[in-house]
Amino acid sequence: MSFDRRLALIVLAPGALLGLWLLGGAGLLYAALGPADRAAVTDTLAPLIDSHGMLVVLWWFLAALGAGVVALRLHAIYGEAPARLADATRVLAGDAAAPPLPPQSGTGMRALGEAINALAGQRRALQDDMARLIAEASRDVALQRDQLAALMAELEQSVVVLNLEGRILLYNARARALFRTLSQAPGGVAGAELIGLGRSIHAVIDRALIDHAREGIARRIARGDARASARFVTTTPLGHLIQVSLAPVRAAADDKGDVTGFVLLLDDITDEYEARSRQDRRWLDLSEASRASFASMQAALDMLDYPDLEPADRERFQAVVRDEVGVMSQRLTTLAADASHDMKTRWPLQDMLGADLAAAAAQRITAETGQAVDTAGVDADLWLSVDSFALIQALAFLAARLSETLKAPNLALRLAPAGGRAHLDLAFQGAGAGLGPGLDLAGWQTRPMQTEDAPSPLTVRDVVERHGGELWLEHARDGSGALFRFLLPVAAGTVAPVPAPGDSRPAYYDFDLFAASAQSRESDDRPLGEIAYTVFDTETTGLDPAGGDEILQIGATRIVNGRLLASECFDQLVDPKRSIPEAGIAVHGIRPEMVRGKPTLPQVLPAFHAFAADTVLVGHNVAFDMRFLTLKENASGVRFDQPVLDTLLLAAIVHPGEDSHGLEAMAARLGIAVSGRHTALGDALATAEIFLKLLPLLRQRGIVTLGQARAAAQTSYYARLRY
Numbered sequence: 000m001s002f003d004r005r006l007a008l009i010v011l012a013p014g015a016l017l018g019l020w021l022l023g024g025a026g027l028l029y030a031a032l033g034p035a036d037r038a039a040v041t042d043t044l045a046p047l048i049d050s051h052g053m054l055v056v057l058w059w060f061l062a063a064l065g066a067g068v069v070a071l072r073l074h075a076i077y078g079e080a081p082a083r084l085a086d087a088t089r090v091l092a093g094d095a096a097a098p099p100l101p102p103q104s105g106t107g108m109r110a111l112g113e114a115i116n117a118l119a120g121q122r123r124a125l126q127d128d129m130a131r132l133i134a135e136a137s138r139d140v141a142l143q144r145d146q147l148a149a150l151m152a153e154l155e156q157s158v159v160v161l162n163l164e165g166r167i168l169l170y171n172a173r174a175r176a177l178f179r180t181l182s183q184a185p186g187g188v189a190g191a192e193l194i195g196l197g198r199s200i201h202a203v204i205d206r207a208l209i210d211h212a213r214e215g216i217a218r219r220i221a222r223g224d225a226r227a228s229a230r231f232v233t234t235t236p237l238g239h240l241i242q243v244s245l246a247p248v249r250a251a252a253d254d255k256g257d258v259t260g261f262v263l264l265l266d267d268i269t270d271e272y273e274a275r276s277r278q279d280r281r282w283l284d285l286s287e288a289s290r291a292s293f294a295s296m297q298a299a300l301d302m303l304d305y306p307d308l309e310p311a312d313r314e315r316f317q318a319v320v321r322d323e324v325g326v327m328s329q330r331l332t333t334l335a336a337d338a339s340h341d342m343k344t345r346w347p348l349q350d351m352l353g354a355d356l357a358a359a360a361a362q363r364i365t366a367e368t369g370q371a372v373d374t375a376g377v378d379a380d381l382w383l384s385v386d387s388f389a390l391i392q393a394l395a396f397l398a399a400r401l402s403e404t405l406k407a408p409n410l411a412l413r414l415a416p417a418g419g420r421a422h423l424d425l426a427f428q429g430a431g432a433g434l435g436p437g438l439d440l441a442g443w444q445t446r447p448m449q450t451e452d453a454p455s456p457l458t459v460r461d462v463v464e465r466h467g468g469e470l471w472l473e474h475a476r477d478g479s480g481a482l483f484r485f486l487l488p489v490a491a492g493t494v495a496p497v498p499a500p501g502d503s504r505p506a507y508y509d510f511d512l513f514a515a516s517a518q519s520r521e522s523d524d525r526p527l528g529e530i531a532y533t534v535f536d537t538e539t540t541g542l543d544p545a546g547g548d549e550i551l552q553i554g555a556t557r558i559v560n561g562r563l564l565a566s567e568c569f570d571q572l573v574d575p576k577r578s579i580p581e582a583g584i585a586v587h588g589i590r591p592e593m594v595r596g597k598p599t600l601p602q603v604l605p606a607f608h609a610f611a612a613d614t615v616l617v618g619h620n621v622a623f624d625m626r627f628l629t630l631k632e633n634a635s636g637v638r639f640d641q642p643v644l645d646t647l648l649l650a651a652i653v654h655p656g657e658d659s660h661g662l663e664a665m666a667a668r669l670g671i672a673v674s675g676r677h678t679a680l681g682d683a684l685a686t687a688e689i690f691l692k693l694l695p696l697l698r699q700r701g702i703v704t705l706g707q708a709r710a711a712a713q714t715s716y717y718a719r720l721r722y
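The sequence shown maps to residues 0 to 722 in numbering that gives the first Met the number 0.
So, in structure tokens, the structure goes:
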């Protein structure tokens with residue numbers, strides 16, 4: 000517990016004043032006496048002081064102690080209680096949803112607290128009415144925004160909208176999936192995403208390329224081209240080839256306003272480029288090999304022109320021509336086969352939810368065969384990349400053949416992930432289904448499919464090859480049935496979703512970022528509400544970073560434009576390469592088997608560094624967490640040199656009269672529900688909500704910029720703690 004000088008002064012001041020009062024009175028009395036009286040008083044009091052002086056001191060000490068207790072009690076009633084009441088009132092003034100003031104001690108304080116709660120209730124009711132009116136007035140705007148968000152979500156292209164600084168203010172789910180692919184190498188750290196509201200697009204696309212494209216657009220706009228746009232191709236650090244289309248966003252709908260931002264359309268053309276490169280290499284190889292063949296044939300033909308050529312030599316040169324023609328024919332056949340395969344594998348496929356595909360196929364099969372189809376075994380969340388029309392046609396064709404061969408077969412469609420691909424099964428049971436003596440799989444694969452009564456040029460094998468997949472027949476071991484199994488590609492953007500707490504929809508847009516501050520503004524001069532923050536927390540093996548304790552987990556979330564983006568999270572377990580004390584396991588619940596084989600901290604920190612790039616770090620008692628990070632700078636090769644804010648220090652500024660500034664105590668004061676306590680991500684989310692509640696309280700104290708917040712935090716007692 001820290002030594003409180005103010006309380007010590009309050010306790011000692013009455014005794015000191017009482018002593019000074021007694022000494023002053025004695026001095027005045029002594030000064031008023033004449034010499035004879037002074038001698039008489041001295042002669043009289045000297046024996047009494049010698050014999051009973053301690054009694055006088057004890058009497059003074061008891062009086063001083065009583066006065067100190069009374070002063071301490073009066074300070075608690077008239078000093079601390081009003082200060083705490085003022086702190087709680089500031090919370091209510093800044094947040095109408097904050098909890099009401101607790102009952103106060105003393106009649107006057109109790110009445111004042113009840114009056115403040117009544118005023119807060121009236122203010123809350125007024126704010127509710129205003130919120131209702133604002134909601135009614137902005138319903139059309141919200142509808143248009145939601146329609147735009149829904150449209151963005153359904154677009155098959157990756158769309159990103161930037162402000163003039165290159166900060167991301169809007170993106171769709173496909174862009175998020177693409178960026179996740181671009182940012183994660185095989186075996187990479189989860190959460191190391193490059194996309195996020197307020198993040199810079201230059202983490203993926205070189206600034207010089209975008210600046211060059213913007214200059215070209217500006218020149219075309221100056222010449223009167225209102226629809227100016229630019230297109231270029233770039234590579235990413237992991238080797239992906241990205242085609243970028245960039246178009247300006249105008250402030251006015253008539254394309255005559257100033258440019259306020261840019262729209263990017265992104266396509267990963269890596270596979271397409273590689274396929275074209277392979278084809279070009281084949282043609283080049285064919286050309287080089289054909290030159291030698293043509294030279295051999297030309298030489299042989301020249302020799303055959305001689306009339307006096309011996310029959311044996313003529314036959315030998317004719318054999319050369321035949322052999323070279325055969326070799327060239329074989330090369331052309333191989334090239335044609337490869338080109339055909341590339342054409343089939345490059346057939347334009349569309350992403351489709353597997354459940355929708357199964358439902359459409361079941362409906363088609365029932366319509367053509369009259370047999371009901373069970374779809375209970377379909378993975379409802381799996382997306383496929385398919386030619387849905389051709390694939391449904393193939394499933395219906397196989398089901399029709401089964402109905403002709405078997406007696407009323409029981410049909411079922413199943414869909415499940417299989418590694419990086421998917422298994423789509425047409426399962427069936429019926430007479431002979433298990434043995435399959437009448438099943439002509441090879442013939443069914445190569446026979447042209449029938450569409451009602453019209454023949455189709457495609458076969459089932461063509462459909463399978465179009466998807467770059469495979470088809471085979473599997474029998475149940477007990478002979479009860481069998482299935483046709485299609486091996487199909489999953490959608491390119493299909494990845495496991497990042498677990499995000501809460502039920503809110505991920506925030507993919509923030510139009511307020513169009514008004515982002517100029518990059519030239521110094522960080523300390525920026526208003527706290529305009530800054531992007533990364534709020535993080537760690538779980539560790541112990542409390543001694545310099546003594547060998549290690550990080551077990553890093554969790555973080557982001558705040559952009561005063562909003563908590565719970566969908567943009569970083570949550571990674573870390574292998575500490577050391578034992579975990581049982582005492583710590585009881586707190587954070589991380590056991591050795593949970594972190595065994597996970598990435599080590601030097602592997603995780605670069606990913607977290609990328610997640611936190613261009614933001615201010617925020618934590619609770621963050622000096623402890625930062626000490627762990629700085630000790631690993633050399634091992635990880637990254638340095639966290641951005642500004643840092645601590646909610647512990649900020650809480651001590653806005654609530655100086657409170658005894659506790661722990662995470663749970665602060666959350667209770669500010670009306671925040673804490674979940675996932677003592678997990679890195681759970682504590683980071685709670686810290687983020689606390690930080691957002693502290694911002695208006697800081698404004699009330701005149702702390703509005705980052706520099707002011709950092710300077711004020713350094714005056715706190717807690718800022719002197721070292722780890």
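Think of the CB as a built atom: it goes at the ideal place given N, C-alpha and C, for glycine as much as any other residue.
How about the segment 608-620 and the segment 521-539: do they share at least three Cβ pairs that are nearer than 8 Å? As far as the Cβ criterion goes, the segment 608-620 touches the segment 521-539, which means the pair count is three or higher.
Within 10 angstroms of its Cβ, does Glu-549 collect 16 or more other Cβ (buried), or is it exposed? The count along the sequence shown starts at 1 and reaches residue 549 at position 550. Buried: at least 16 other Cβ atoms inside 10 Å.
Are three or more beta carbon pairs between the segment 594-612 and the segment 549-569 nearer than 8 Å? Yes, the segment 594-612 is in contact with the segment 549-569.
What are the uninterrupted segments assigned as alpha helix (DSSP H) that are 4 or more residues long and contained completely in the segment 673-709, given in chain order? Every alpha helix (DSSP H) of 4 residues or more that sits fully in the segment 673-709 is shown, in chain order, as 679-699.
Quick one: using the 10 Å Cβ neighbour count with 16 as the cut-off for buried, is Lys-406 buried or exposed? As a first step, residue 406 is located in the sequence shown; it is residue number 407 there, counting from the start. By the neighbour-count rule (16 or more Cβ atoms within 10 Å), Lys-406 is not buried but exposed.
Relative to the C-alpha of Ile-220, which candidate in Gly-480, Ser-199, Arg-198, Asp-257 has its C-alpha closest? Sequence index remark: in the sequence shown, residue 220 carries index 221 (1-based). Proximity to Ile-220 across Gly-480, Ser-199, Arg-198, Asp-257 peaks at Asp-257, based on C-alpha coordinates.
Could you tell me whether the Cβ atoms of Ala-398 and Leu-410 are closer together than 8 Å? In the sequence shown, counting from the first residue as 1, residue 398 sits at position 399. In the sequence shown, counting from the first residue as 1, residue 410 sits at position 411. Yes, they are a contact pair.
Applying the criterion that 16 or more other CB atoms from any shown protein chain within 10 Å of the CB defines a buried residue, is Gly-468 buried or exposed? The residue you call residue 468 lines up with position 469 of the sequence shown. Gly-468 is classed as buried because its beta carbon has at least 16 other beta carbons within 10 Å across all chains shown.
Let's see if you can read the secondary structure: which residues bound the alpha helix (DSSP H) around Ala-422? Sequence index remark: in the sequence shown, residue 422 carries index 423 (1-based). It should be noted that the sequence gives His, not Ala, for residue 422. Annotation for His-422: no alpha helix (DSSP H) segment contains it, though the beta strand (DSSP E) segment containing it runs 420-428.
Going by DSSP in three states, Asp-543 sits in which element: helix, strand or coil? Within the sequence shown, numbered from 1, the residue matching residue 543 stands at position 544. In this structure, Asp-543 counts as coil in the three-state DSSP scheme.
Determine the direct distance from the alpha carbon of Ser-659 to that of Leu-8, and round the result to whole angstroms. Your numbering for residue 8 matches position 9 in the sequence shown. Your numbering for residue 659 matches position 660 in the sequence shown. Going from the Cα of Leu-8 to the Cα of Ser-659 covers about 22 Å.
For Ile-204, the nearest candidate out of Arg-222, Arg-230, Ser-402, Asp-307 (CA to CA): Along the sequence shown, one-based indexing puts residue 204 at 205. Nearest option by C-alpha distance: Arg-230.
Report buried or exposed for Asp-645, applying the criterion of at least 16 other Cβ atoms within 10 angstroms of its Cβ. By one-based count along the sequence shown, residue 645 stands at place 646. Buried, because 16 or more other Cβ atoms sit within 10 Å of the Cβ of Asp-645.
Would you please state the rounded distance, in angstroms, between the beta carbons of Ala-70 and Leu-17? I believe it to be under 8 Å. Stepping through the sequence shown from its first residue, residue 70 is reached at position 71. Stepping through the sequence shown from its first residue, residue 17 is reached at position 18. Actually they are not in contact, since the Cβ atoms of Ala-70 and Leu-17 sit about 11 Å apart, beyond 8 Å.
When DSSP labels each residue in this structure, what does Met-351 get in the three-state scheme? In the sequence shown, residue 351 corresponds to position 352, counting from 1. Three-state DSSP puts Met-351 in a strand.
Per-residue DSSP class, three states only, for Ala-124: The residue you call residue 124 lines up with position 125 of the sequence shown. Helix.
Residue nearest to Leu-196 in terms of C-alpha spacing, selected from Glu-214, Ile-209, Leu-181, Asn-171: For the purposes of this step, residue 196 is taken as the residue at position 197 of the sequence shown. It is Asn-171.
Note down the Cα distance separating Gln-707 from Ala-174, rounded to an integer number of angstroms. Along the sequence shown, read from residue 1 onward, the residue named residue 707 stands at position 708. Along the sequence shown, read from residue 1 onward, the residue named residue 174 stands at position 175. Each residue's Cα considered, the two are about 37 Å apart.
In the DSSP output, which residue or residues are listed as bridge partners for Ser-199? For the purposes of this step, residue 199 is taken as residue 200 along the sequence shown, with counting starting at 1. The bridge partners DSSP lists for Ser-199 are Arg-166.
Helix, strand or coil for Ala-514? Go by DSSP, reduced to three states. Locating residue 514 in the sequence shown gives position 515, where the first residue counts as 1. Its pLDDT being 48, under 50, Ala-514 is placed unreliably in this model, and the coordinates cannot settle the point.
Rounded to the nearest angstrom, what separates Ser-715 and Leu-693 at their Cα positions? What you label residue 715 is simply residue 716 of the sequence shown in a count that begins at 1. What you label residue 693 is simply residue 694 of the sequence shown in a count that begins at 1. Near 16 Å, if we compare the C-alpha coordinates of Leu-693 and Ser-715.
Alpha helix (DSSP H) containing Glu-214: first to last residue? In the sequence shown, residue 214 corresponds to position 215, counting from 1. Looking at the DSSP string, the run of the alpha helix (DSSP H) that includes Glu-214 is 206-221.
Can you give me the start and stop residues for the beta strand (DSSP E) that Val-243 sits inside? Along the sequence shown, one-based indexing puts residue 243 at 244. Note, Val-243: beta strand (DSSP E), 240-249.
Does DSSP put Tyr-532 in a helix, in a strand, or in coil? Counting from one through the sequence shown, the residue named residue 532 turns up at place 533. Secondary structure of Tyr-532 (DSSP, three-state): strand.
Mapping DSSP to helix, strand and coil, what is His-723? Since the displayed the chain opens at 0 and closes at 722, residue 723 lies outside it and no answer follows.
Just list the residues that DSSP pairs Arg-413 with in beta bridges. Counting from one through the sequence shown, the residue named residue 413 turns up at place 414. BP columns for Arg-413 point to Gly-376, Asp-424.
Taking buried to mean at least 16 other C-beta atoms within 10 Å of its own C-beta, is Ser-384 buried or exposed? For this step, residue 384 is matched to residue 385 along the sequence shown. That one is buried.
What is the DSSP secondary structure of Leu-237, counted as helix, strand or coil? In the sequence shown, residue 237 corresponds to position 238, counting from 1. Coil, per DSSP.
Inter-stretch contact at 8 Å, needing at least 3 Cβ pairs: the segment 478-488 / the segment 420-428: In short, these stretches touch, since the Cβ pair count reaches three.
Report, in whole angstroms, the separation of the C-beta atoms of Ser-228 and Leu-208, which I expect to be a contact under 8 Å. Taking the first residue of the sequence shown as 1, we reach residue 228 at position 229. Taking the first residue of the sequence shown as 1, we reach residue 208 at position 209. A Cβ-Cβ distance of about 15 Å is found for the pair Ser-228 and Leu-208, leaving them out of contact under the 8 Å criterion.
Taking Gly-260 as part of the beta strand (DSSP E), name the residues at either end of that continuous run. Translated into the one-based positions of the sequence shown, residue 260 becomes position 261. From DSSP, the beta strand (DSSP E) with Gly-260 extends over 258-267.
Residues sharing a beta bridge with Trp-471, DSSP: Start at 1 with the first residue of the sequence shown, and residue 471 comes out as number 472. In DSSP, Trp-471 forms a bridge with Arg-484.
How long is the line joining the alpha carbons of Leu-118 and Thr-88, rounded to whole angstroms? Residue numbering aside, residue 118 sits at position 119 when the sequence shown is read from its first letter. Residue numbering aside, residue 88 sits at position 89 when the sequence shown is read from its first letter. Straight-line Cα distance between these residues: approximately 10 Å.
Suppose you measure from the CA of Ala-299 to the CA of Gln-329; what does that come to, to the nearest Å? In the sequence shown, counting from the first residue as 1, residue 299 sits at position 300. In the sequence shown, counting from the first residue as 1, residue 329 sits at position 330. Cα to Cα, the separation comes out at about 20 Å.
DSSP three-state label for Ser-519, please. Translated into the one-based positions of the sequence shown, residue 519 becomes position 520. For Ser-519, the pLDDT reaches just 35, beneath the cut-off of 50, and the residue's location in the model is therefore unreliable, although a value from the coordinates is still provided. Here Ser-519 sits in coil by DSSP.
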